[in-house]
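S.K.:
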Ligand code: TXA
Ligand code: MG
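In the working numbering, the protein residues as written are 180 to 495.
(1) Is residue 396 helix, strand or coil when you go by DSSP?
(2) Chain C beta carbons: is any one of them nearer than 9 Å to that of residue 257?
(3) DSSP three-state label for residue 485, please.
(4) Taking DSSP as the reference, what is the three-state secondary structure of residue 349?
(5) Considering only residues of the region 324-384, which uninterrupted beta strand (DSSP E) runs meet the minimum length of 3 residues and lie entirely inside it, listed in chain order?
(6) Ends of the beta strand (DSSP E) at residue 440?
(7) Taking residue 323 as the reference, which of 353, 374, 227 has the closest Cα?
(8) In this structure, how does DSSP classify residue 190 when only helix, strand and coil are distinguished?
(9) What does a CB cutoff of less than 6 Å around residue 445 pick up in its chain, not counting 5 residues either side in sequence?
(10) Since residue 470 and residue 425 should fall inside the 8 Å C-beta cutoff, what is the C-beta to C-beta distance between them, to a whole number of angstroms?
(11) Let me know if residue 418 comes out buried or exposed under the rule of 16 or more other beta-carbons within 10 Å of its beta-carbon.
(12) Quick one: is residue 292 buried, meaning 16 or more other Cβ sit within 10 Å of its Cβ, or exposed?
(13) The ligand TXA and residue 155: does the residue's C-beta get closer than 8 Å to at least one heavy atom of that ligand?
(14) Which residues, in chain order, sit with a beta-carbon under 6 Å away from any heavy atom of the ligand MG?
(15) Any heavy atom of the ligand TXA closer than 8 Å to the beta-carbon of residue 482?
(16) Using DSSP with H/G/I as helix, E/B as strand and the rest coil, what is residue 289?
(17) Thinking just about the alpha-carbon of each residue, which of 216, 186, 311, 358 is nearest to the one in residue 245?
(18) According to DSSP, is residue 213 part of a helix, a strand, or is it coil?
(19) Using DSSP with H/G/I as helix, E/B as strand and the rest coil, what is residue 200?
(20) Taking only heavy atoms of the ligand SAH into account, decide whether any of them is closer than 8 Å to the Cβ of residue 347.
Below, the structure is given as structure tokens:
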């Protein structure tokens with residue numbers, strides 16, 4: 180069983196020794212290892228049961244240290260880093276040779292991010308290497324937003340979980356890269372498209388739907404609870420499934436017919452809904468229900484990232 184604690188020095192000690200540590204970030208908890216040590220990184224893939232073709236994000240405590248990992252940090256990247264780091268934005272840039280191939284799944288670019296969580300930042304500043312960290316969940320399952328979520332699923336695979344409380348943003352980072360002068364979005368996430376566009380100008384969306392991603396934007400069936408999830412109009416789904424035990428995941432309303440029923444944000448805040456999303460999916464997945472029904476949120480701001488996660492969770 181993993182120890183859950185708030186000792187940043189102890190986390191650093193494990194990481195220097197090549198072990199895995201779960202770390203809090205503002206988006207979701209990450210499963211971290213020394214990102215310049217191929218053997219330590221291999222441990223991440225093993226613990227998560229993650230296919231080696233799915234590359235990892237390297238976390239740094241500053242733009243300056245992120246720059247050391249890439250051949251070039253173009254002005255368009257610098258503008259975004261300036262605006263959103265520390266924060267839920269990941270940049271894909273051409274990697275230097277010191278970044279092991281296992282981190283990038285042999286792709287030419289590396290994913291970089293400066294997380295906006297005080298524990299993660301102090302930990303990173305104690306280390307002389309970046310941290311490779313995917314979300315700290317078994318491959319394909321819902322991402323963790325508390326230390327307890329991590330413990331429930333990966334507790335046996337890691338010695339230490341650094342507890343940073345509930346993740347403030349609750350969905351993963353937005354992933355952005357640059358192709359022939361265009362800013363390309365590969366994954367919707369904690370920075371909304373509107374915000375991104377206000378800094379980067381027009382965006383191209385390249386949201387990968389394939390299950391064998393050559394440049395893995397994302398895998399279609401992902402973030403998935405074990406119970407089936409149906410998306411649509413909740414009253415109709417409840418009616419159509421009257422004979423079954425149904426749990427409900429709604430935006431604002433609590434449905435009395437659903438057992439249990441969760442409203443992601445009764446006051447209609449997309450930020451609050453994002454922060455509650457993964458914990459809600461876990462709770463409903465652990466309920467007595469046979470299936471979960473849910474609805475899409477408004478397709479704006481964080482609503483797009485939430486809908487993306489819901490659709491992937493519903494895809495089978
Ligand atoms: O918010 C987040 O991004 C969280 C926290 C822990 O930082 N991390 C996270 O990591 O969501 P993960 O591994 O679950 O998702 C990272 C995704 C990969 O699945 C892949 O789609 C993309 O980032 N990615 C990483 N490196 C890439 C690369 N070199 N080229 C293309 N895509 C890459
Ligand atoms: Mg993940």
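We put the beta carbon where it would ideally sit given N, CA and C, even for glycine. Everything numeric in this text was worked out from a predicted model, so none of it was measured.
M.R.: According to the data block:
(1) Your numbering for residue 396 matches position 217 in the chain shown. Low confidence applies here, because residue 396 scores a pLDDT of 43, under 50, leaving its location unreliable and the question unanswered by this model.
(2) Among the protein chains of the structure shown there is no chain C, as only one such chain exists.
(3) Taking the chain shown and counting its residues from 1, one reaches residue 485 at position 306. Helix.
(4) Position 170 of the chain shown, counted from the first residue, corresponds to residue 349. In the structure shown, residue 349 sits in coil (DSSP, three-state: anything other than H, G, I, E or B).
(5) 339-341, 353-358, 361-366, 382-384
(6) Numbered from its first residue, the chain shown carries residue 440 at position 261. It spans 440-442 - the beta strand (DSSP E) in which residue 440 sits, taken as one unbroken run.
(7) Reading the chain shown from its first residue, position 144 is the one you call residue 323. Cα-wise, what sits closest to residue 323 is 227.
(8) Against the chain shown, residue 190 aligns to sequence position 11. Looking at residue 190 - three-state DSSP - the assignment turns out to be helix.
(9) Mapped onto the chain shown, residue 445 falls at position 266. Result list for residue 445: 431, in chain order.
(10) Position 291 of the chain shown, counting from 1, holds the residue named residue 470. Position 246 of the chain shown, counting from 1, holds the residue named residue 425. Residue 470 to residue 425, Cβ: 6 Å. Contact.
(11) The residue labelled residue 418 in the question sits at position 239 within the chain shown. So residue 418 ends up on the exposed side.
(12) By one-based count along the chain shown, residue 292 stands at place 113. Buried.
(13) Residue coverage of the chain in this structure runs from 180 to 495, which leaves residue 155 outside it and unanswerable.
(14) 313, 314, 322
(15) Counting from 1 along the chain shown, the entry for residue 482 is found at position 303. Residue 482: no, Cβ never under 8 Å from the ligand TXA.
(16) By 1-based counting over the chain shown, the position of residue 289 is 110. Correct three-state label for residue 289: strand.
(17) Walking along the chain shown from the start, residue 245 turns up at place 66. Of 216, 186, 311, 358, the residue nearest in Cα terms is 311.
(18) Walking along the chain shown from the start, residue 213 turns up at place 34. Reduced to three states, the DSSP call for residue 213 is strand.
(19) Translated into the one-based positions of the chain shown, residue 200 becomes position 21. It is a strand residue.
(20) Absence of the ligand SAH is noted for the structure shown, with the ligand TXA and the ligand MG being the only ligands found.
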